[in-house]
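At position 231 of the sequence shown the residue is numbered 230 (numbering that gives the first Met the number 0), and the sequence of numbers has no breaks. No residue lacks a Cβ here, since even glycine has one placed at the ideal position from N, Cα and C. The next block holds one structure in the form of structure tokens; read it before the comments.
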Amino acid sequence: MAGRRLLLTGGAGFIGSHLLDALLAAGDQVTVIDNFNSYYDPAIKRSNLSRHLGGSAFELIEGDVCDPTVWESLDPDEGWRGILHIAARAGVRPSIEQPALYWQTNVEGTETALSWACSGHSTIPFLFASSSSVYGDSNIPPYAESAAHPAPVSPYGETKLAAERLLETYRLEHGLPYVVLRFFTVYGPRQRPDLAIHKFARLMDLGEPIPVFGDGSSARDYTHIDDIVIGVQLALERLLEGSLVSSVYNLGSDRSISLDEMIQTIAGAVGRAALIDRLPMQEGDVRRTWADLERSRRELGYEPKMSFADGVADFVRWLRAGGCD
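Here it is, written out as structure tokens:
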């Protein structure tokens, strides 16, 4: 499967840059679209790509996926084997403050990409990065892809679910091959600075208090980036082979870790006790996420390998080696 020509949106971010590393290592030719927005320091994203600049198999297009002129600069008939659409406005809490901005990027931007994928002589297979946020807080965990009525509780989750439905519309209207991957709380080296594991580890290492929302009983299915990358590669191979059985898959760790357990695990890796600043539960937060992996195991051969303790230790080593500095 080496030597494929692939388009990767959001390739400078946390998840996208790890995927880029893996695709290039496999011998693929990858064009990245990224707008280096200021949601967090653009210099971090540029650093994520720096090792690949000037490489013959790598091309960077600085632009917004919502901008039609970005797509007009690309010929859909130039041998593209697939699109990995990772670009998105991320984060539950900011989406509550700026819902229109999230809709524009996550729904309208996805539709712009889908339109381009169907504009050539043949459709280009489309891999979409969705989120466990689509399940909301009303389903009984573990969450299976077959959940009849996903019920997001944040604008972010709503935008991801709306984009998933767009993909099915394009399949029906244009015959577009696609796969949706619902990521569960991804962590690891290069994680965004605003996310809990990154923020908590940094503050604990400095001996400063950490802001903890709620009573510590909320829980997440924390999934290491290495497992996510393997899951994406497995799904991509089957998408391009035309051998997918289903269109939606969970990628998680198959374990739900409480907030208190997460904090204690980080404290153990850092070697400092946590100083906790207890705050009220925030709007849009769900009580628990937990991925049902039965379908992903059976149909993709996906099996998460990284334990939470080992994954946190891996992250702390990266952070102390310079992290985002």
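Nearest CA to the CA of residue i: which residue from the options?
| i | options | result |
| --- | --- | --- |
| I227 | L6, L5, G9 and H17 | H17 |
| A25 | H148, Q232 and Y39 | Q232 |
| P141 | R219, S153 and G2 | R219 |
| S46 | E71, D74, D136 and F13 | F13 |
| A320 | L19, R271, R189 and P303 | R189 |
| G2 | L22, G9, F183 and A11 | L22 |
| G53 | Q281, V29, F212 and A42 | V29 |
| H51 | L126, V91, E61 and D20 | D20 |
| R164 | E107, G213 and I229 | E107 |
| L175 | N34, G81 and R254 | G81 |
Do you know how far the Cα of residue j is from the Cα of residue i?
| i | j | result |
| --- | --- | --- |
| L239 | L180 | 15 Å |
| I123 | V269 | 45 Å |
| L205 | A266 | 12 Å |
| W79 | L7 | 11 Å |
| V64 | A272 | 43 Å |
| A308 | I139 | 26 Å |
| V152 | T111 | 25 Å |
Would you mind sorting residue i into buried or exposed? The rule is 16 or more other CB atoms within 10 Å of its CB.
| i | result |
| --- | --- |
| W306 | First, the residue type needs correcting, since residue 306 is Ser and not Trp in the sequence shown. When all chains shown are included, S306 counts as exposed. |
| H84 | buried |
| H120 | exposed |
| M0 | Note that M0 scores 45 on pLDDT, short of 50, meaning its location in the model is unreliable; the coordinates nonetheless yield the value given after this. Its Cβ having fewer than 16 others within 10 Å, M0 is exposed. |
| G310 | buried |
| E144 | buried |
| M203 | buried |
| M280 | exposed |
| R287 | buried |
From the DSSP output, in three-state form, read off residue i for me.
| i | result |
| --- | --- |
| R359 | The shown model of the chain, from 0 to 324, leaves out residue 359, and the question about it has no answer. |
| H173 | helix |
| T30 | strand |
| E207 | coil |
| T111 | helix |
| T122 | coil |
Could you check how far apart the C-beta atoms of residue i and residue j are, in whole angstroms? I think they sit under 8 Å.
| i | j | result |
| --- | --- | --- |
| V185 | I275 | Actually they are not in contact, since the Cβ atoms of V185 and I275 sit about 24 Å apart, beyond 8 Å. |
| Y301 | S246 | Incorrect: roughly 15 Å between the Cβ atoms, too far for contact. |
| V92 | G213 | Contrary to the premise, residue 92 reads as Arg rather than Val in this sequence. Not really, about 13 Å apart at Cβ, beyond 8 Å. |
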